[in-house]
Amino acid sequence: MGKVEYSPKALEDLQKIKAYIIENFGVDAAQKALVKITGSVS
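Numbering (my numbering), first residue to last: -12 to 29.
So, in C-alpha cells, the structure goes:
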C-alpha cells in the first residue's frame, strides 16, 4: 500500500477536528478518532 498524502486543506481540517475533540472529549479520544479517520482512507 502506498503512502497517503493529504492536501493542505485536509491537514487543516484534521487539525481543527483534533482540536475540537480534545476540547470536548480529551486527548485520548482525539487520538483514537484520528487513527480511525486516517486509517479508513484508502
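C-beta: ideal position from N, C-alpha, C; glycine also.
Note that the structure is a prediction, hence the values are computed from the model and not measured.
What span of residues does the alpha helix (DSSP H) with residue i cover, start to end?
| i | result |
| --- | --- |
| Glu(-8) | From DSSP, Glu(-8) is part of no alpha helix (DSSP H); its letter is neither H nor E. |
Between the Cα of residue i and the Cα atoms of the options, which residue gives the shortest distance?
| i | options | result |
| --- | --- | --- |
| Asp0 | Asp15, Gly(-11) and Leu21 | Leu21 |
| Lys(-4) | Ile4, Lys(-10) and Gly26 | Ile4 |
Run through the region -10 to 23 for me and flag every whole beta strand (DSSP E) of 3 or more residues, listed as ranges in chain order.
Complete beta strand (DSSP E) runs here, min 3: none at all.
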